[in-house]
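Number of protein chains: 2
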Amino acid sequence: MEQKKHKSRVAEKKNEVVASLKNFGTRIYDQLDKGVFPTISMPSRSTENIHYDPHLRQFILGDKSVSRSARNIRHVKPFTQLSWAAMFSNELTIQRKTSTLRDVYYSAQAYNMTFKDQQESNNIITDLETVTGFSREDFSIFPEERSAVFGDLTIEYTVPGYEGKTLNLTSHPDGVLIGPALTSSEFAHTTADKVIAIEKGGLFTRFIEENVHKKHNALLVLTAGQAPRQTRHFIRRLHDELNLPVYIFTDGDPWGMHIAMVIISGSANAAHLRELNTPDAVWSGVWATDIVNYKLPTDPLDDVDIKRLYELQKDPRYQNDPLWQREIKTFLKIRKKAEQEAFSRYGLTYIVDEYLPTKLKQTT
Amino acid sequence: MEQKKHKSRVAEKKNEVVASLKNFGTRIYDQLDKGVFPTISMPSRSTENIHYDPHLRQFILGDKSVSRSARNIRHVKPFTQLSWAAMFSNELTIQRKTSTLRDVYYSAQAYNMTFKDQQESNNIITDLETVTGFSREDFSIFPEERSAVFGDLTIEYTVPGYEGKTLNLTSHPDGVLIGPALTSSEFAHTTADKVIAIEKGGLFTRFIEENVHKKHNALLVLTAGQAPRQTRHFIRRLHDELNLPVYIFTDGDPWGMHIAMVIISGSANAAHLRELNTPDAVWSGVWATDIVNYKLPTDPLDDVDIKRLYELQKDPRYQNDPLWQREIKTFLKIRKKAEQEAFSRYGLTYIVDEYLPTKLKQTT
Numbered sequence: 132m133e134q135k136k137h138k139s140r141v142a143e144k145k146n147e148v149v150a151s152l153k154n155f156g157t158r159i160y161d162q163l164d165k166g167v168f169p170t171i172s173m174p175s176r177s178t179e180n181i182h183y184d185p186h187l188r189q190f191i192l193g194d195k196s197v198s199r200s201a202r203n204i205r206h207v208k209p210f211t212q213l214s215w216a217a218m219f220s221n222e223l224t225i226q227r228k229t230s231t232l233r234d235v236y237y238s239a240q241a242y243n244m245t246f247k248d249q250q251e252s253n254n255i256i257t258d259l260e261t262v263t264g265f266s267r268e269d270f271s272i273f274p275e276e277r278s279a280v281f282g283d284l285t286i287e288y289t290v291p292g293y294e295g296k297t298l299n300l301t302s303h304p305d306g307v308l309i310g311p312a313l314t315s316s317e318f319a320h321t322t323a324d325k326v327i328a329i330e331k332g333g334l335f336t337r338f339i340e341e342n343v344h345k346k347h348n349a350l351l352v353l354t355a356g357q358a359p360r361q362t363r364h365f366i367r368r369l370h371d372e373l374n375l376p377v378y379i380f381t382d383g384d385p386w387g388m389h390i391a392m393v394i395i396s397g398s399a400n401a402a403h404l405r406e407l408n409t410p411d412a413v414w415s416g417v418w419a420t421d422i423v424n425y426k427l428p429t430d431p432l433d434d435v436d437i438k439r440l441y442e443l444q445k446d447p448r449y450q451n452d453p454l455w456q457r458e459i460k461t462f463l464k465i466r467k468k469a470e471q472e473a474f475s476r477y478g479l480t481y482i483v484d485e486y487l488p489t490k491l492k493q494t495t
Numbered sequence: 132m133e134q135k136k137h138k139s140r141v142a143e144k145k146n147e148v149v150a151s152l153k154n155f156g157t158r159i160y161d162q163l164d165k166g167v168f169p170t171i172s173m174p175s176r177s178t179e180n181i182h183y184d185p186h187l188r189q190f191i192l193g194d195k196s197v198s199r200s201a202r203n204i205r206h207v208k209p210f211t212q213l214s215w216a217a218m219f220s221n222e223l224t225i226q227r228k229t230s231t232l233r234d235v236y237y238s239a240q241a242y243n244m245t246f247k248d249q250q251e252s253n254n255i256i257t258d259l260e261t262v263t264g265f266s267r268e269d270f271s272i273f274p275e276e277r278s279a280v281f282g283d284l285t286i287e288y289t290v291p292g293y294e295g296k297t298l299n300l301t302s303h304p305d306g307v308l309i310g311p312a313l314t315s316s317e318f319a320h321t322t323a324d325k326v327i328a329i330e331k332g333g334l335f336t337r338f339i340e341e342n343v344h345k346k347h348n349a350l351l352v353l354t355a356g357q358a359p360r361q362t363r364h365f366i367r368r369l370h371d372e373l374n375l376p377v378y379i380f381t382d383g384d385p386w387g388m389h390i391a392m393v394i395i396s397g398s399a400n401a402a403h404l405r406e407l408n409t410p411d412a413v414w415s416g417v418w419a420t421d422i423v424n425y426k427l428p429t430d431p432l433d434d435v436d437i438k439r440l441y442e443l444q445k446d447p448r449y450q451n452d453p454l455w456q457r458e459i460k461t462f463l464k465i466r467k468k469a470e471q472e473a474f475s476r477y478g479l480t481y482i483v484d485e486y487l488p489t490k491l492k493q494t495t
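Protein chains in written order, with the working numbering: chain A, 132 to 495; chain B, 132 to 495.
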């Protein structure tokens, strides 16, 4: 299906990001013009202001706000740091360069801007996210982690030197890296009708080798463990812009389960952001009940696994959903866990030939 | 330059691998035909049999050997496991499927072959490497880790469904994943005259954005920390098959230094293998002396850093080379370390515009 209507989404967003930075700067200048000490206010990210929103199906920030005023001697430093971060992000965007959190920390020294440590600099970038509502990736500040995608989607690059060039995501059978160039590309064309996200690299390769993308008309996304933020945003875009349902396959343990949950409902750390999670995505396996039904080879749950399950049982993201509650209870009952590779006990292709189609049907 | 003469290296090697497995099986059958208990012998990998070879510039195994005999009750299990691993590897090769160490462990259960745990199964795969002299990647058993490459090299795939298809490694500006399909491809054409290996993802992206591949006619390899084995083998192939010098850029600390050393001289764990290291590769930075000369922002060395430096000082790979010895001494003297990103204090492109050209000249 052609996706012309979304063709300019990336350019549109870039304009919004630049406008938000400009707005940030304008507010400061306006206050200066009026002869008042400039003040920036933003929602508080303190724990008591983070609430789970059952409608949005993610964490959000409440009504409490905090401000940084140039009038307050204790605020002068974070106020200046935040203004610098906005200026630096604007430079990155204009110069079309990408950066990392680590780079930002050292780059500050080129401007005689001091940060006590990496954590302080990271916090200021999170402040900038909170003020503007955009994520740091929108400001060209990318993480190191890299995951991958494979399948029949043609993208059109927007990065310098590649504008207008296209790549079909079946071009490289090891998978295509999800980095700044990929996440900033437009979606030009796809024949896929679903997204399958996979936790493990070995299984991602298996799925490609066994032509899961063809047999199931799927785009395959490797999360490589906990999905990096840009990968979660990429999955959200696949869902929203291409109207594709998303199925998530992880290891059958509390950690795998939570990898799926963070893709679906996000994290408390990102309560100040939208568009990093995909509420309609579904966790298709490996469920605790799959471990029982498929008689998988298992390892016993250890103490940290069990502690984690009790935590998740009380987590608002896991409430009011019979599936998650049932699976947590089953884990606690059987006291066992199984990895995705455990299906190899029935032969290397069993997971593709038998398990996958069954679970796709079951969770649709 | 066209590289026709190496065009069939991959196919050639595949034949050698299959022949080595066949040879393994034939030896067992021959012994059975003669009415004797089959025995497999191989070099011992015990510490006292691992020696550093200054000529090969890597660790090698000495003359001691061990055997696994079906006659010895204590050997029956490892003998059977090793024979199964050879059979399974042969199946993977014939079916042109890839696998992982984890997959091998679970796949054994499909054959009623028991391994006590993952470690036992990993050890048997290492035995198979030792017996045949080929690495597990040659038997289609790949690690999870993924790194990347970027630059003007056109590869020709040999994996099913992609035979004869080519990809230029500038196709995706986030870099092309180094996975089973890439490492098993033939090198068709390149204009590059050097390889630059980089430890950090952020810097790899920076180098691409700043067109280092064009300005320096380079293939850029992201090691993503300690280079995975298949990436080390890939670098070796770039050096051997394309006659390209290799320059390595890491963080300026004992761990970064050792990332370079393992690419150059390999590890004791792989003493039973060749072709995983590139003795002619050079460590171009960040040196301890660079930290001083470039007045980089630093962190103090902590206790584990210092302990590590004393270990490396005695390591045979670091002996007889004035550069390494000087740098270790300098680290111990200044008691400081610096990351690659530290150059950002002079602006985001300083590392590309000033540092890189200087160091390439210095280490050629």
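Each residue gets a CB set at the ideal place from its N, CA and C atoms; glycine is no exception.
Just so you know, these numbers come straight off a predicted model, no measurement behind them.
(request) Pick out whichever of D248/B, E330/B, A241/B, G292/B has its Cα sitting closest to the Cα of V280/B. (result) Here residue 280/B refers to the residue found at position 149 when the second sequence is read from its first residue. Closest option to V280/B, Cα to Cα, is E330/B.
(message) Can you check which of these residues, K345/A, H389/A, P431/A, is closest to L443/A by C-alpha distance?
(response) Your numbering for residue 443/A matches position 312 in the first sequence. Among K345/A, H389/A, P431/A, the Cα nearest to that of L443/A belongs to H389/A.
(message) Counting only C-beta atoms, is K460/A closer than 8 Å to chain B at any point?
(response) Position 329 of the first sequence holds residue 460/A. Chain B, which has no Cβ nearer than 8 Å to the Cβ of K460/A, makes this no.
(message) Can you give me the C-alpha to C-alpha distance between F365/B and L351/B, rounded to a whole angstrom?
(response) Reading the second sequence from its first residue, position 234 is the one you call residue 365/B. Reading the second sequence from its first residue, position 220 is the one you call residue 351/B. Cα-Cα distance, rounded: 12 Å.
(request) Pick out whichever of T157/A, L404/A, L454/A, Y481/A has its Cα sitting closest to the Cα of V343/A. (result) Locating residue 343/A in the first sequence gives position 212, where the first residue counts as 1. Considering only alpha carbons, the answer is Y481/A.
(request) Output yes if chain A places a C-beta closer than 8 Å to the C-beta of D234/B; else output no. (result) Position 103 of the second sequence, counting from 1, holds the residue named residue 234/B. It does: the Cβ of D234/B has a partner Cβ on chain A nearer than 8 Å.
(message) Quick check: the Cα distance between Y449/A and F462/A, rounded to an integer number of angstroms?
(response) Residue 449/A sits at position 318 when you count from the first residue of the first sequence. Residue 462/A sits at position 331 when you count from the first residue of the first sequence. Taking the straight line joining both Cα atoms gives about 14 Å.
(message) My output table needs one value for R140/A: the three-state DSSP class, helix, strand or coil.
(response) Against the first sequence, residue 140/A aligns to sequence position 9. In the structure shown, R140/A sits in a helix (DSSP, three-state: H, G or I).
(message) So that I know if they touch, is there some Cβ in chain B lying closer than 8 Å to that of R267/A?
(response) As a working mapping, residue 267/A is identified with position 136 in the first sequence. It does not: the Cβ of R267/A has no partner Cβ on chain B nearer than 8 Å.
(request) Identify whether P488/A lies in helix, strand or coil by the three-state DSSP scheme. (result) Within the first sequence, residue 488/A is the residue found at index 357, counting from 1. If DSSP states are grouped into helix, strand and coil, P488/A belongs with the helices.
(message) I want to verify the contact list: residues of chain A whose CB lies under 9 Å from the CB of L308/B, in sequence order.
(response) If you number the second sequence from 1, residue 308/B lands on position 177. Going along chain A in sequence order, the residues near L308/B (Cβ under 9 Å) are R277, A279, H303, D305, G306, V307, L308.
(request) Compare the C-beta of E470/A against all C-beta atoms of chain B and say whether one is closer than 8 Å. (result) Position 339 of the first sequence, counted from the start, is the residue given in the question as residue 470/A. Taking Cβ atoms only, chain B reaches closer than 8 Å to E470/A, which makes this a yes.
(request) Kindly say whether Y486/B, judged by its beta-carbon, lies nearer than 8 Å to any beta-carbon of chain A. (result) What you label residue 486/B is simply residue 355 of the second sequence in a count that begins at 1. Chain A, which has no Cβ nearer than 8 Å to the Cβ of Y486/B, makes this no.
(request) Tell me whether A412/B sits in a helix, a strand or coil according to DSSP, three-state version. (result) Position 281 of the second sequence holds residue 412/B. In this structure, A412/B counts as coil in the three-state DSSP scheme.
(request) Answer with yes or no whether the minimum CB distance from G416/B to chain A is below 8 Å. (result) Counting from one through the second sequence, the residue named residue 416/B turns up at place 285. No - not a single Cβ of chain A is within 8 Å of the one on G416/B.
(request) Report back the beta-carbon spacing between F219/B and V235/B to the nearest angstrom; my notes put them in contact at under 8 Å. (result) As a first step, residue 219/B is located in the second sequence; it is residue number 88 there, counting from the start. As a first step, residue 235/B is located in the second sequence; it is residue number 104 there, counting from the start. F219/B to V235/B, Cβ: 7 Å. Contact.
(request) Would you check if the stretch 306-317 of chain B and the stretch 245-261 of chain B touch, i.e. whether three or more CB-CB distances between them fall below 8 Å? (result) no
(message) Suppose contacts are defined by Cβ-Cβ distances below 8 Å. Is R476/A in contact with A241/B by that definition?
(response) As a working mapping, residue 476/A is identified with position 345 in the first sequence. As a working mapping, residue 241/B is identified with position 110 in the second sequence. Going by C-beta atoms, R476/A is nearer than 8 Å to A241/B.
(request) Check whether the Cβ atoms of I437/A and I465/A lie closer than 8 Å to each other. (result) By 1-based counting over the first sequence, the position of residue 437/A is 306. By 1-based counting over the first sequence, the position of residue 465/A is 334. No.
(request) Pick out whichever of N146/B, H182/B, Q212/B has its Cα sitting closest to the Cα of I171/B. (result) As a position in the second sequence, residue 171/B is number 40, starting the count at 1. Selected option, being the one with the closest Cα: Q212/B.
(message) Can you tell me which residues form a DSSP beta bridge with T297/A?
(response) Reading the first sequence from its first residue, position 166 is the one you call residue 297/A. Its beta-bridge partners are E287/A.
(request) Can you tell me which of the three DSSP states K165/B falls into? (result) In the second sequence, residue 165/B corresponds to position 34, counting from 1. Looking at K165/B - three-state DSSP - the assignment turns out to be coil, as it is neither helix nor strand.
(request) Could you list which residues in chain B have their beta carbon closer than 8 Å to that of G478/A, in chain order? (result) Taking the first sequence and counting its residues from 1, one reaches residue 478/A at position 347. By Cβ distance, chain B contributes S238, A241.
(message) Is the separation between the beta-carbon of E268/A and that of Q361/A shorter than 8 Å?
(response) Locating residue 268/A in the first sequence gives position 137, where the first residue counts as 1. Locating residue 361/A in the first sequence gives position 230, where the first residue counts as 1. In contact: E268/A and Q361/A (Cβ atoms closer than 8 Å).
(request) Grab me the residues of L298/B's own chain with a C-beta within less than 6 Å of its C-beta, minus the 5 sequence neighbours each way, in chain order. (result) Stepping through the second sequence from its first residue, residue 298/B is reached at position 167. For L298/B, where only same-chain residues beyond five positions count, the Cβ hits under 6 Å are I286.
(message) Mapping the DSSP letters down to three states, classify K460/A as helix, strand or coil.
(response) Taking the first sequence and counting its residues from 1, one reaches residue 460/A at position 329. Of the three classes helix, strand and coil, the one that applies to K460/A here is helix, per DSSP.
(message) Please list, in chain order, the chain A residues whose beta carbon lies closer than 9 Å to that of L407/B.
(response) Residue mapping note: residue 407/B aligns to position 276 of the second sequence, counting from 1. Near L407/B there are no residues of chain A at all, since even the closest Cβ is about 19 Å away, more than 9 Å.
(message) Let me check understanding here. Comparing Cα to Cα, which of W418/A, L479/A, D433/A, L427/A lies closest to Q456/A?
(response) Indexing the first sequence from 1 puts residue 456/A at position 325. Among W418/A, L479/A, D433/A, L427/A, the Cα nearest to that of Q456/A belongs to W418/A.
(message) Using the Cβ count rule (16 or more neighbours within 10 Å means buried), how would you classify K426/A?
(response) In the first sequence, counting from the first residue as 1, residue 426/A sits at position 295. By the 10 Å Cβ count, K426/A comes out exposed.
(request) Could you list which residues in chain B have their beta carbon closer than 8 Å to that of V141/A, in chain order? (result) Working through the first sequence from its first residue, we reach residue 141/A at position 10. Neighbours of V141/A on chain B: none; closest Cβ ~15 Å, over 8 Å.
(request) Under 7 Å Cβ to Cβ from E406/B, same chain only, skipping five residues before and after it: list those, please. (result) For the purposes of this step, residue 406/B is taken as the residue at position 275 of the second sequence. Excluding sequence neighbours, E406/B sits near H364, R367.
(request) For Y288/A, go through chain B and note every residue whose CB falls closer than 8 Å to its CB, in chain order. (result) For the purposes of this step, residue 288/A is taken as residue 157 along the first sequence, with counting starting at 1. Within chain B, the residues near Y288/A are P304.
(request) Provide the residue(s) that pair with P431/B in DSSP beta bridges, ordered along the chain. (result) Residue numbering aside, residue 431/B sits at position 300 when the second sequence is read from its first letter. Beta-bridge pairing links P431/B to K467/B.
(message) Check whether chain B comes within 8 Å of I336/A, counting only Cβ atoms and requiring the distance to be less than that.
(response) The residue you call residue 336/A lines up with position 205 of the first sequence. The sequence as given places Thr at residue 336/A; Ile does not occur at that position. Yes - at least one Cβ of chain B is within 8 Å of the one on T336/A.
(request) Compare the C-beta of K145/B against all C-beta atoms of chain A and say whether one is closer than 8 Å. (result) Residue mapping note: residue 145/B aligns to position 14 of the second sequence, counting from 1. Taking Cβ atoms only, chain A never reaches closer than 8 Å to K145/B, which makes this a no.
(request) Return no unless some Cβ of chain B is closer than 8 Å to the Cβ of G264/A. (result) Position 133 of the first sequence, counted from the start, is the residue given in the question as residue 264/A. Answer no: the Cβ-Cβ gap between G264/A and chain B never drops below 8 Å.
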